[in-house]
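Below is one structure, written out as structure tokens; the observations come after it.
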Amino acid sequence: MDRIVVVGASLAGLTAVETLREENFAGELVVINAETHAGYDRPPLSKKVLAGGMNASDITLKPAEFFATNRVDHRIGVRATVMDLATRTIALATGEILTFDGLLIATGLRPRPLPRQPVLRGLHMLRTLDDAVAIRADMLGTETMVIIGAGFLGCEVAATARQMGLEVVLVDPMELPMARQVGPELAAALLRKHRQKGVDIRTGRSVRSFEESEGQVTAITLDDGTRLPTKIVVVTIGSLANTEWLQGSGLSLDNGVVCDSFCCAAPGVFAAGDVASWLHPRLGVQMRLEHRMHATEQAMIAARNMLGAGIAFDPLPYFWTDFYDARIQVFGRIPVEHEMLVLSGQIGEPGFTAAFCQGGIVEAVAGWNAARDIRKFSALVGKPAPIEAVTD
Amino acid sequence: MIKIHIDEHKCVGAGQCVMASPEVFDQREDDGIVILLQQQPPDALTPSVRKAAKLCPALAIRLEET
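From first to last, the protein sequence lines are chains A and B. Take the first sequence: its letter number 286 is residue 1149 in the numbering used here, and every next letter is one higher. Take the second sequence: its letter number 31 is residue 57 in the numbering used here, and every next letter is one higher.
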């Protein structure tokens, strides 16, 4: 393998680069970075970057010398537009055609817009550093903010905005936002926390229309007729995998790049991070995860497999979310149908931990301000449930 | 040898470092923030420390080659 091209220069892409060199890949390495910044860390964008406690240099993933040290041809501000498996080529937006022996796809996600979402000043989505900087600038000039979509990102932005002193309205069509990720028990506790902190949460509601003046958003109206004047709206209703450039490439695309258990999409072609849908070797289902840790772990395995390691990817998923004084940490995946067994403390109180069991097996453990305990309990995931949960 | 620098301000208490290299890292009891047990661990521990630094989801571990 003489030349490996890595498309996407965020966490998964750069981790793959580092791993390839650590594993003694001596050939040519080209990294295609569609953004104008060198790779940076995204979790702080909705928290400390928005709040002003961190800036671009605090979240840069790799030191400036990384690209030279690892002999990387780093193409910054350049987008890959077409890939062709038959000729093993990639076309760049500059018109250049690159050939590859190995290809690592790490093009990540973009925010999902609302249906017929208008383009207005003050109407934002959040994925990039530039997005966070623009939202922060608008937040500093206003007192009220509307957030549409109460998933993790929307809830984190809401908490940050409250801590900056803004009035926040959080709109979501579900009665219990986040239940899909954390289960109804924790979701209910999270909602109570936001309400205690003064977030005006409108569950079961969606947006009917936007009002604007000279291209600046001025108000939104909800489906129940409520009109909310605001100069800033952030849409956080989920994301879409960036796979359009791979259409017609010969790869299978279905909610991401479809890979086998080894993160392999085609001979010599691998995917990692938010964009990769891989066949979970233990559960036997295609899965795509959008967690920070997952991008690192999957990129390490995909890079090694590209060099022939042959390791099935069977991670213990981990994510966390922070708001106000609360930190929720989850190991594993909380099944929709589950028995919850409290391991310590009380739901929604600091020090709380719980196991989420299905079919007599612990599928996930979650903690609320219980970092040490939850790390220890993470060893329970995949094991038979403690007896109380089975008989519950 | 490597010398380890940790940034408590960035640490999010994920505990991945403790799982990767328990001889070198621990977590505070109250908030789970990282505790560095050895700043210059013996070379035998270097691979596990590198893994810890790579897995850290908060860029809180920096390694200096000495």
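Beta carbons are placed, not taken as given, at the ideal position from N, Cα and C, and that holds for glycine.
Are there 16 or more other CB atoms within 10 angstroms of the CB of residue i, so buried, or fewer, so exposed?
{"i": "arginine 1145 (chain A)", "result": "exposed"}
{"i": "tyrosine 903 (chain A)", "result": "buried"}
{"i": "alanine 1172 (chain A)", "result": "exposed"}
{"i": "glycine 1061 (chain A)", "result": "exposed"}
{"i": "isoleucine 1083 (chain A)", "result": "buried"}
{"i": "lysine 29 (chain B)", "result": "exposed"}
{"i": "methionine 946 (chain A)", "result": "buried"}
{"i": "asparagine 918 (chain A)", "result": "exposed"}
{"i": "glutamate 55 (chain B)", "result": "exposed"}
{"i": "leucine 960 (chain A)", "result": "The sequence as given places isoleucine at residue 960 (chain A); leucine does not occur at that position. It is exposed - the Cβ of isoleucine 960 (chain A) has fewer than 16 other Cβ atoms within 10 Å."}
{"i": "serine 47 (chain B)", "result": "buried"}
{"i": "lysine 911 (chain A)", "result": "buried"}
{"i": "aspartate 1255 (chain A)", "result": "Reliability of the predicted coordinates at aspartate 1255 (chain A) is poor, the pLDDT of 42 falling under 50, and the value obtained from them is presented with this limitation in mind. Aspartate 1255 (chain A) should be labelled exposed."}
{"i": "threonine 882 (chain A)", "result": "buried"}
{"i": "proline 978 (chain A)", "result": "exposed"}
{"i": "valine 1148 (chain A)", "result": "exposed"}
{"i": "glycine 1119 (chain A)", "result": "buried"}
{"i": "leucine 992 (chain A)", "result": "buried"}
Contact criterion: CB-CB distance below 9 Å. Does residue i meet it with respect to chain A?
{"i": "glutamate 49 (chain B)", "result": "no"}
{"i": "proline 91 (chain B)", "result": "The sequence as given places glutamate at residue 91 (chain B); proline does not occur at that position. So no, glutamate 91 (chain B) is outside the interface."}
{"i": "isoleucine 59 (chain B)", "result": "yes"}
{"i": "methionine 45 (chain B)", "result": "yes"}
{"i": "glutamine 64 (chain B)", "result": "no"}
{"i": "glutamate 55 (chain B)", "result": "yes"}
{"i": "leucine 71 (chain B)", "result": "no"}
{"i": "lysine 36 (chain B)", "result": "yes"}
{"i": "lysine 80 (chain B)", "result": "yes"}
{"i": "proline 68 (chain B)", "result": "no"}
{"i": "glycine 41 (chain B)", "result": "yes"}
From the DSSP output, which residues share a beta bridge with residue i?
{"i": "methionine 1008 (chain A)", "result": "A:Val1031"}
{"i": "threonine 1216 (chain A)", "result": "A:Ser1207 and A:Gly1230"}
{"i": "methionine 1150 (chain A)", "result": "A:Trp1141"}
{"i": "threonine 962 (chain A)", "result": "A:Thr952"}
So, at 8 Å on beta carbons, what are the nonlocal neighbours of residue i in its own chain, with the 5 sequence-adjacent residues on each side left out?
{"i": "alanine 1233 (chain A)", "result": "Gln1192, Ser1207, Gly1208, Pro1213, Gly1214, Phe1215 and Thr1216"}
{"i": "valine 1228 (chain A)", "result": "Val1193, Phe1194, Gly1195, Leu1206, Thr1216, Ala1217, Ala1218, Phe1219, Ile1237, Phe1240, Ser1241, Leu1243 and Val1244"}
{"i": "valine 50 (chain B)", "result": "Ile30, Cys43, Leu62, Leu63, Gln64, Pro67, Leu71, Ser74, Val75 and Ala78"}
{"i": "leucine 1109 (chain A)", "result": "Met946, Ile968, Leu1116 and Val1120"}
{"i": "leucine 972 (chain A)", "result": "Arg990, Ser1102, Leu1103, Ala1104, Asn1105, Asp1137, Val1138 and Glu1153"}
Distance cutoff 9 Å, beta carbons only. Does residue i sit that close to anything in chain B?
{"i": "tyrosine 1187 (chain A)", "result": "no"}
{"i": "serine 1241 (chain A)", "result": "yes"}
{"i": "aspartate 921 (chain A)", "result": "yes"}
{"i": "proline 906 (chain A)", "result": "yes"}
{"i": "tryptophan 1183 (chain A)", "result": "yes"}
{"i": "methionine 1156 (chain A)", "result": "yes"}
{"i": "methionine 1163 (chain A)", "result": "yes"}
{"i": "leucine 924 (chain A)", "result": "yes"}
{"i": "asparagine 1232 (chain A)", "result": "yes"}
{"i": "glutamine 1110 (chain A)", "result": "no"}
{"i": "isoleucine 1258 (chain A)", "result": "Here chain A covers residues 864 to 1255 and nothing more, so residue 1258 (chain A) does not appear."}
{"i": "leucine 883 (chain A)", "result": "no"}
{"i": "glutamine 1209 (chain A)", "result": "no"}
{"i": "arginine 1043 (chain A)", "result": "no"}
{"i": "glutamine 1079 (chain A)", "result": "no"}
{"i": "glutamine 1192 (chain A)", "result": "yes"}
Output needed for residue i: all residues of its chain with C-beta closer than 7 Å, excluding positions within five of it in sequence on either side, in chain order.
{"i": "valine 935 (chain A)", "result": "Val880, Leu892 and Val894"}
{"i": "glycine 1078 (chain A)", "result": "Leu983 and Arg984"}
{"i": "glutamine 53 (chain B)", "result": "Gly39, Gly41, Val44, Ile59, Val60 and Ile61"}
{"i": "methionine 27 (chain B)", "result": "Gln66, Asp69 and Thr92"}
{"i": "isoleucine 5 (chain B)", "result": "Outside the displayed range of chain B (27 to 92) lies residue 5 (chain B), so it cannot be described from this structure."}
{"i": "aspartate 865 (chain A)", "result": "Gly890, Glu891 and Asp964"}
{"i": "methionine 1203 (chain A)", "result": "Gly1046, Glu1048, Ala1217 and Phe1219"}
Enumerate in chain order the residues of its own chain whose CB-to-CB distance from residue i is below 6 Å, with the five nearest sequence positions on each side excluded.
{"i": "tyrosine 1187 (chain A)", "result": "Ala1022 and Lys1060"}
{"i": "isoleucine 1095 (chain A)", "result": "Gly985, Asp1001, Thr1005 and Met1008"}
{"i": "isoleucine 1100 (chain A)", "result": "Arg975 and Gly1012"}
**Asked** Do the region 1114-1126 of chain A and the region 1035-1047 of chain A meet, that is, are 3 or more Cβ pairs less than 8 Å apart?
**Response** Between the region 1114-1126 of chain A and the region 1035-1047 of chain A, the count of Cβ pairs shorter than 8 Å is below three; the stretches do not touch.
**Message:** Quick check: the region 873-888 of chain A against the region 1152-1168 of chain A, are at least 3 beta-carbon pairs closer than 8 Å?
**Reply:** Output reads yes: the region 873-888 of chain A touches the region 1152-1168 of chain A.
**Prompt:** Between the region 1133-1145 of chain A and the region 962-976 of chain A, do three or more beta carbon pairs fall short of 8 Å?
**Reply:** Yes, since at least three Cβ pairs between the region 1133-1145 of chain A and the region 962-976 of chain A fall closer than 8 Å, the two stretches touch.
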